[in-house]
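Participant:
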Ligand SMILES: NC(=O)C1=CN([C@@H]2O[C@H](COP(=O)(O)OP(=O)(O)OC[C@H]3O[C@@H](n4cnc5c(N)ncnc54)[C@H](O)[C@@H]3O)[C@@H](O)[C@H]2O)C=CC1
Ligand SMILES: O=C([O-])CC(=O)C(=O)O
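Numbering (the UniProt record's numbering), first residue to last: 1 to 260.
Structure below.
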């Protein structure tokens, strides 16, 4: 299977490392033009545009964030190449969602949303069939996990002495205002009640030692609570290791003769 990766940051590097251990086919990296000369011995080919991807590529994986999905997503799908993405929050923009839907139909390809740093999405998807009445997502990270986000303008991250909510609103608002931190809110919304009916709370917690994500949902099925304490990737305190693992898991499931 010939795979192309977008993004050589914390998630991208994990994915490239794992795929090179699998070692079945050359890896292609789609990078910004300024990064064309960067060295990574696990990558065989570097390209700066979707047009330069080889014809026999099987799958692209976006590990680069909203800007990359916006820039490359439609062109990849239109070329008939399936795309796995971690940038779910970008779909809070309805125009982008429509553009990607149309591109996938035109190319006969599929955009696969990696489960990312959260779980229990299967439960929400099934519960949605019978009708959900309420879904709340709470994201809690140490202050360092919120650096570079809108939280910085709302609370003094360096001076916090107790857990402080810096955002309360819908999943659409969270995903739009926190592009690097609230993809999980988008995942919960897309699996359950949608962007405008899923409530989100984002908390900076000086006592937290992990990225903690919680879902509380109720509906015709009953109710459930889900909580995960995810370790951050060593290179980026914002991003949970599970998000990178979920990309590899998505690729493995595509190859498997029997899959969930
Ligand atoms: N679904 C989920 O649960 C999660 C999703 N994410 C998303 O994944 C993104 C990446 O996370 P990290 O690897 O930790 O970030 P990072 O900042 O370590 O790496 C991002 C990489 O993407 C590259 N990049 C950015 N825009 C690009 C473009 N237009 N074309 C090509 N490359 C581009 C950057 O040069 C950098 O190498 C986050 O910004 C966030 O949106 C992150 C954590 C969890
Ligand atoms: O990695 C995490 O813990 C969550 C995250 O950044 C996101 O949802 O974008």
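Yeah, the Cβ is synthetic: ideal placement off N, Cα and C, and Gly gets one too.
Would you check whether ligand 1 has a heavy atom nearer than 7 Å to the C-beta of residue 179?
Facilitator: Residue mapping note: residue 179 aligns to position 179 of the chain shown, counting from 1. For ligand 1, at least one heavy atom lies less than 7 Å from the Cβ of residue 179.
Participant: Any idea what DSSP makes of residue 240, helix, strand or coil?
Facilitator: Taking the chain shown and counting its residues from 1, the one referred to as residue 240 is at position 240. Note: residue 240 maps to strand in three-state DSSP.
Participant: Helix, strand or coil: how does DSSP classify residue 192 here?
Facilitator: Counted from its first residue, the chain shown places residue 192 at position 192. Residue 192 falls in the coil class under three-state DSSP.
Participant: CB-CB under 8 Å to residue 26, same chain, minus the five flanking residues each way: which ones, in chain order?
Facilitator: Locating residue 26 in the chain shown gives position 26, counting from the first residue. Closer than 8 Å at the Cβ level, and outside the excluded window around residue 26, lie 2, 44, 45.
Participant: Check each candidate in 213, 51, 174 and name the one with the smallest Cα separation from residue 196.
Facilitator: Here residue 196 is taken as the residue at index 196 of the chain shown, counted from 1. The option with the nearest alpha carbon to residue 196 is 174.
Participant: Identify, in the order they occur along the chain, each residue of the same chain with its Cβ nearer than 8 Å to the Cβ of residue 158, setting aside the five sequence neighbours on each side.
Facilitator: What you label residue 158 is simply residue 158 of the chain shown in a count that begins at 1. Counting only Cβ-Cβ distances below 8 Å, and skipping sequence neighbours, we find 143.
Participant: Could you tell me the distance, in whole angstroms, from the CA atom of residue 128 to the CA atom of residue 86?
Facilitator: Taking the first residue of the chain shown as position 1, residue 128 is located at position 128. Taking the first residue of the chain shown as position 1, residue 86 is located at position 86. In a straight line, the C-alpha of residue 128 is about 22 Å away from that of residue 86.
Participant: Report the three-state DSSP secondary structure of residue 161 (helix, strand or coil).
Facilitator: Within the chain shown, numbered from 1, the residue matching residue 161 stands at position 161. Residue state, collapsed to three classes: coil.
Participant: Taking 7 Å as the cut-off, is the C-beta of residue 153 nearer than that to any heavy atom in ligand 1?
Facilitator: Here residue 153 refers to the residue found at position 153 when the chain shown is read from its first residue. Checking every heavy atom of ligand 1 against the Cβ of residue 153, none is found closer than 7 Å.
Participant: Just to confirm, is the Cβ distance from residue 211 to residue 108 under 8 Å?
Facilitator: Counting from one through the chain shown, the residue named residue 211 turns up at place 211. Counting from one through the chain shown, the residue named residue 108 turns up at place 108. Result no, Cβ atoms of residue 211 and residue 108 do not sit closer than 8 Å.
Participant: Mind listing, in chain order, the continuous alpha helix (DSSP H) runs of no fewer than 4 residues lying wholly within the segment 110-159?
Facilitator: For the segment 110-159, whole alpha helix (DSSP H) runs of length 4 or above, ordered along the chain, are 121-130, 151-154.
Participant: Compare the Cα-Cα distances from residue 34 to each of 230, 217, 208, 7 and report the closest residue.
Facilitator: Mapped onto the chain shown, residue 34 falls at position 34. Here the closest residue by C-alpha is 7.
Participant: Report back the beta-carbon spacing between residue 30 and residue 15 to the nearest angstrom; my notes put them in contact at under 8 Å.
Facilitator: Within the chain shown, residue 30 is the residue found at index 30, counting from 1. Within the chain shown, residue 15 is the residue found at index 15, counting from 1. Actually they do not touch by this definition, with Cβ atoms about 13 Å apart.
Participant: Taking 7 Å as the cut-off, does the CB of residue 240 come closer than this to any heavy atom belonging to ligand 2?
Facilitator: Here residue 240 corresponds to residue number 240 of the chain shown, with the count starting at 1. For ligand 2, at least one heavy atom lies less than 7 Å from the Cβ of residue 240.
Participant: Give me the DSSP bridge partner(s) of residue 263.
Facilitator: Since the displayed the chain opens at 1 and closes at 260, residue 263 lies outside it and no answer follows.
Participant: Kindly indicate which three-state DSSP category residue 202 falls into: helix, strand or coil?
Facilitator: For the purposes of this step, residue 202 is taken as residue 202 along the chain shown, with counting starting at 1. Residue 202: strand per DSSP, three-state reduction.
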